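Be aware that the sequence shown starts at 108, since it is given in this note's numbering, and climbs by one per residue. Idealized CB from N, CA, C, for every residue including glycine. Fair warning: this is a prediction, and the values are worked out from it, not measured in the lab. Here is the structure we will look at.
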Amino acid sequence: VAAEVRAALPELKALLPAGMLLDVAYDSSTFVNDSISEVKETLLIAMCLVILVVFAFLKSFRATAIPTVAIPVSIIGALAVAYFAGFTINILTLLALVLAIGLVVDDAIVVLENIYRHMEMGKPRLRAALDGSNEIGFAVVATTVALVAVFIPLAFLTGSVGRLFNEFGISVAVAVLISGFVALTLTPMLSSKILTPLH
Numbered sequence: 108v109a110a111e112v113r114a115a116l117p118e119l120k121a122l123l124p125a126g127m128l129l130d131v132a133y134d135s136s137t138f139v140n141d142s143i144s145e146v147k148e149t150l151l152i153a154m155c156l157v158i159l160v161v162f163a164f165l166k167s168f169r170a171t172a173i174p175t176v177a178i179p180v181s182i183i184g185a186l187a188v189a190y191f192a193g194f195t196i197n198i199l200t201l202l203a204l205v206l207a208i209g210l211v212v213d214d215a216i217v218v219l220e221n222i223y224r225h226m227e228m229g230k231p232r233l234r235a236a237l238d239g240s241n242e243i244g245f246a247v248v249a250t251t252v253a254l255v256a257v258f259i260p261l262a263f264l265t266g267s268v269g270r271l272f273n274e275f276g277i278s279v280a281v282a283v284l285i286s287g288f289v290a291l292t293l294t295p296m297l298s299s300k301i302l303t304p305l306h
């Protein structure tokens, strides 16, 4: 909107009577643009830090790649839902995605660790993936539902502040729901194809 107003200023100036001056006294869009740029940067930093921490503990590029896939899938899924729900990309929805980055890898890591444990017991990759995900599936569903239950009440807030937090709560809840689905489907499939024991 601010860019369109600035583009229209020369036309508006031409319509003014002689002796009148049209200028921008205050432009809050520069602050909004700077804030959104900062949040985008924070989003990238958070993603890199999460990947580094996962790698530090799993000590394998293959094992790190599996839960890392949950991040873009969950974030893109949350953005798609936000788009179809008519939400705007604002500071709070971007903040929701920053927060979600840390949450969306949890379930995938739990499933991956259990599958890896089954592989260490000597099972082939496919069998380990099936047994590991079946064994921990209920816990993943319970964790996902608990996290969604924390954020979904924000969707019922009213007023202008409620509208902003509505977008925040739904964005986080959707990202967590998608990550739970990814943990129970994509993570076992990737584990059955690329995961190998360290020893």
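Nearest candidate by alpha-carbon position, reference L293, set A177, L129, G126 and L156: For the purposes of this step, residue 293 is identified with residue 186 of the sequence shown, where counting begins at 1. Here the closest residue by C-alpha is A177.
Measure the beta-carbon distance from V281 to G184 and round it to whole angstroms, keeping in mind my assumption that it falls under 8 angstroms. In the sequence shown, the residue the question calls residue 281 occupies position 174. In the sequence shown, the residue the question calls residue 184 occupies position 77. Contact flag correct, Cβ pair sits at about 7 angstroms.
Quick check on DSSP: helix, strand or coil for F194? Looking up residue 194 in the sequence shown gives position 87. Coil.
Starting from P117, follow the alpha helix (DSSP H) in both directions and report where the run begins and ends. As a working note, residue 117 is residue 10 in the sequence shown. Where P117 is concerned, the enclosing alpha helix (DSSP H) stretches over A109 to L122.
Just the Cα atoms here: how many angstroms apart are N140 and L271? Translated into positions along the sequence shown, residue 140 becomes position 33. Translated into positions along the sequence shown, residue 271 becomes position 164. Each residue's alpha carbon lies about 17 angstroms from the other.
Of the choices D130, A115, I216 and T195, whose alpha-carbon is the least far from that of A163? Numbered from its first residue, the sequence shown carries residue 163 at position 56. With distances taken between Cα atoms, A163 lies closest to I216.
Can at least three beta-carbon pairs, one atom from the stretch 213-231 and one from the stretch 193-201, be found at a separation below 8 angstroms? No, they do not touch.
Do D213 and G287 have their CB atoms nearer than 7 angstroms? Within the sequence shown, the letter at position 106 stands for residue 213. Within the sequence shown, the letter at position 180 stands for residue 287. No. Outside cutoff.
Going residue by residue through the stretch 166-220, where are the continuous alpha helix (DSSP H) segments of at least 4 residues, counting only ones entirely within it? You should have 168-191.
Sequence-distant residues of the same chain with beta carbon closer than 6 angstroms to S142, five excluded per side: Working through the sequence shown from its first residue, we reach residue 142 at position 35. Excluding residues within five positions, the ones whose Cβ falls inside 6 angstroms are I198.
For L151 and A203, what's the separation of their Cα atoms in angstroms? One-based indexing of the sequence shown puts residue 151 at position 44. One-based indexing of the sequence shown puts residue 203 at position 96. Taking the straight line from one Cα to the other gives about 14 angstroms.
Within the same chain, show all residues whose beta-carbon is closer than 6 angstroms to that of L165, passing over the 5 residues directly before and after it, in chain order. Locating residue 165 in the sequence shown gives position 58, where the first residue counts as 1. Same-chain partners within the cutoff: T171.
Endpoints, alpha helix (DSSP H) assigned at V247: Start at 1 with the first residue of the sequence shown, and residue 247 comes out as number 140. Per DSSP, V247 belongs to the alpha helix (DSSP H) from R232 to F258.
DSSP three-state call for S286: helix, strand or coil? By one-based count along the sequence shown, residue 286 stands at place 179. Helix.
Buried/exposed call for L122, threshold 16 Cβ in 10 Å: Start at 1 with the first residue of the sequence shown, and residue 122 comes out as number 15. With fewer than 16 other CB atoms across the displayed protein chains lying within 10 angstroms of its CB, L122 is exposed.
7 angstroms is my cut-off, CB to CB: does F245 come that close to chain D? Within the model displayed, chain D is absent; a lone protein chain is all it includes.
Using 7 angstroms as the threshold, is the C-beta distance between A207 and V247 below it? Translated into the one-based positions of the sequence shown, residue 207 becomes position 100. Translated into the one-based positions of the sequence shown, residue 247 becomes position 140. No. Outside cutoff.
Which residue comes first and which comes last in the alpha helix (DSSP H) that contains T292? Sequence index remark: in the sequence shown, residue 292 carries index 185 (1-based). Taken as a continuous stretch (DSSP letters only), T292 belongs to no alpha helix (DSSP H), as it is neither H nor E.
Alpha carbon to alpha carbon, what distance is there between R234 and P304? Position 197 of the sequence shown, counting from 1, holds the residue named residue 304. Position 127 of the sequence shown, counting from 1, holds the residue named residue 234. So the alpha carbons of these two residues sit roughly 14 angstroms apart.
Could you have a look at Y133 and say whether DSSP puts it in helix, strand or coil? Working through the sequence shown from its first residue, we reach residue 133 at position 26. The answer is coil: DSSP assigns Y133 none of H, G, I, E or B.
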